[in-house]
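Inspection log for the structure reproduced underneath, given as structure tokens.
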Amino acid sequence: MSEPTSPVRVAVVQFDPQVGIENCDANLRRSQELALEAVTGGANLIVLPELSSTGYFFSNRQDAFEHAQLIPGGPCAQLWIDFASEHNVYLVAGLAERDGMQLFNTAMLVGPGGFIGKYRKAHLWNLEKLWFTPGDLGFPVFDTPIGRIGMLICWDIWFPEVPRILSQQGADIICSLNNWVWTPPPLFDDAGKCMASYLTMTAAHVNNVFIAAASRIGEERGARYLGCSLIAGTNGWPIGAVASADQQEILFADIDLTASRSAPIWNNLNDLHRDRRADLYDQMLGYTQHPCLPR
């Protein structure tokens, strides 16, 4: 085997952040403890769940507003910026963002050199529509020393355009931050996986891209969370185990991140990217905010 060109140890963190101002400090402490455990395990790319510092089910817009902070100027963002710098890692965290009078469900990417960028959730689920503004940054991919990193948040994975647009921009890995909650029953199949696990695997398979999906567990204001975090390879299959539905866990995967750029070639005649009929449909699905980069 050839030497990896961009060896990365990815970790996804699954835990139980609880909503409520009184819980925010504890959420941050726990997430930092788990991120440090991931660092001790050798990870240099760490993914935390959606809204990992605040919990999810706010009682109303005012409640959501009180939980939200500036990104990157707020204290939660600064904590993760300092953490990434101190431990020489890349980290993606889900935070509630305040920008003037607007609130966003945001994923923030930081690295050893500080703040790299953010993604604001484009597809809002259920009551989120009552307090968050739909994301206005498009679907950015950030070029880093370890590879190109894209982000999506939870309900986004139900929209195949999102991972396709990220992969068409040349993303080597998509970091998926989630609070997977109820779906039409059954919640789990006989293998213990939820529908979101299969959607993640499918998105990785059809786009030949790594997807690191961190979900959460527990219950909160009557909602049950489904866990089932996973790291999907470019062939779609999980690298290692899929996490449980109810246990705090950290999953690790050792990958050559930029190997995804050659992954589409299955054999001499089948190439998922080359075989796309861009003469029949737009190469970027009509998306114009960021350029299409070769993989």
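According to UniProt numbering, the residues represented by the sequence shown are 1 to 295, in order. Glycine residues also receive a C-beta, built at the ideal position from the N, C-alpha and C atoms. Fair warning: this is a prediction, and the values are worked out from it, not measured in the lab.
Segment contact, 8 Å Cβ cut-off, at least three pairs: the segment 39-55 with the segment 15-31
Contact between the segment 39-55 and the segment 15-31 is present: 3 or more CB-CB pairs across the two stretches fall below 8 Å.
*asked:* If you follow the alpha helix (DSSP H) that T200 is in, where does it begin and where does it stop?
replied: What you label residue 200 is simply residue 200 of the sequence shown in a count that begins at 1. Run containing T200: M195 to N207, per the alpha helix (DSSP H) assignment.
Self-check item: CB-CB length for L103 against F65, believed under 8 Å
Solution: Translated into positions along the sequence shown, residue 103 becomes position 103. Translated into positions along the sequence shown, residue 65 becomes position 65. By a beta-carbon distance limit of 8 Å, L103 contacts F65. Their separation comes to about 6 Å.
| request: Indicate the three-state DSSP secondary structure (helix, strand or coil) for K129 in the structure shown. | output: Residue numbering aside, residue 129 sits at position 129 when the sequence shown is read from its first letter. The answer is helix: DSSP assigns K129 an H, G or I state.
Nearest-angstrom Cα separation, counted from Y281 out to V39:
Taking the first residue of the sequence shown as 1, we reach residue 39 at position 39. Taking the first residue of the sequence shown as 1, we reach residue 281 at position 281. Rounded to the nearest whole angstrom, the C-alpha separation of V39 and Y281 is 43 Å.
| request: Keeping to the same chain, check which residues put their C-beta closer than 7 Å to that of S197; ignore five residues upstream and five downstream. | output: Mapped onto the sequence shown, residue 197 falls at position 197. Within the same chain, and ignoring the five residues on either side of S197 in sequence, the residues whose Cβ sits closer than 7 Å to its Cβ are C228, L230 and V242.
Continuous beta strand (DSSP E) stretch holding F139: start and end:
Your numbering for residue 139 matches position 139 in the sequence shown. Taken as a continuous stretch (DSSP letters only), F139 belongs to no beta strand (DSSP E), as it is neither H nor E.
Answer with buried or exposed for K129, where buried requires no fewer than 16 other C-beta atoms within 10 angstroms of its C-beta. Position 129 of the sequence shown, counted from the first residue, corresponds to residue 129. Answer is exposed; the Cβ neighbour count stays below 16.
- Task: Rounded to whole angstroms, what's the CA-CA distance from I81 to I173? Just pull it up for me.
- Result: Numbered from 1 along the sequence shown, position 81 holds the residue referred to as residue 81. Numbered from 1 along the sequence shown, position 173 holds the residue referred to as residue 173. For I81 and I173, the gap between their C-alpha atoms comes out near 21 Å.
Specify whether the segment 108-128 and the segment 269-281 touch according to this definition: at least 3 beta carbon pairs, one from each stretch, less than 8 Å apart. Judged by Cβ distances under 8 Å, the segment 108-128 makes no contact with the segment 269-281, as fewer than three pairs qualify.
*Whole-angstrom distance between R148 and E249, CA atom to CA atom*: Taking the first residue of the sequence shown as position 1, residue 249 is located at position 249. Taking the first residue of the sequence shown as position 1, residue 148 is located at position 148. Computed Cα separation, rounded: 26 Å.
- [ ] Mind checking which residues open and close the alpha helix (DSSP H) that includes N88?
- [x] In the sequence shown, counting from the first residue as 1, residue 88 sits at position 88. Per DSSP, N88 belongs to no alpha helix (DSSP H) and is neither H nor E.
Q | Span of the beta strand (DSSP E) around F210 | A | Locating residue 210 in the sequence shown gives position 210, where the first residue counts as 1. For F210, the uninterrupted beta strand (DSSP E) run begins and ends at F210 to A214, by DSSP.
Could you pull the DSSP bridge partners for T144 from this structure?
As a working note, residue 144 is residue 144 in the sequence shown. In DSSP, T144 forms a bridge with G147.
Review point. What's the call for S59, buried or exposed, on a 16-neighbour Cβ count within 10 Å?
Key: In the sequence shown, the residue the question calls residue 59 occupies position 59. Exposed.
Are N44 and V92 touching if we call contact CB-CB under 8 Å?
Residue 44 sits at position 44 when you count from the first residue of the sequence shown. Residue 92 sits at position 92 when you count from the first residue of the sequence shown. Between N44 and V92, the CB-CB gap reaches or exceeds 8 Å.
Ignore the nearest five residues each way along the sequence and tell me which others in S274's own chain have a CB closer than 6 Å to its CB.
Locating residue 274 in the sequence shown gives position 274, counting from the first residue. Correcting the residue identity first, residue 274 is Arg in this sequence and not Ser. Same-chain partners within the cutoff: there are none.
Let me know the secondary structure DSSP gives C175 once reduced to three states.
As a working note, residue 175 is residue 175 in the sequence shown. Under the three-state reduction of DSSP output, C175 falls in the strand class.
Just checking my contact of V209 with P163 at CB under 8 Å: how many whole Å lie between their CB atoms? Looking up residue 209 in the sequence shown gives position 209. Looking up residue 163 in the sequence shown gives position 163. With 8 Å as the limit, V209 and P163 qualify as a contact, their Cβ atoms being about 7 Å apart.
Quickly, what does DSSP pair E97 with across the bridge? List them, please.
Mapped onto the sequence shown, residue 97 falls at position 97. Paired residue(s): Q69 and F104.
Residue interval of the beta strand (DSSP E) (run including P7): Residue numbering aside, residue 7 sits at position 7 when the sequence shown is read from its first letter. P7 -> beta strand (DSSP E) spans P7 to Q14.
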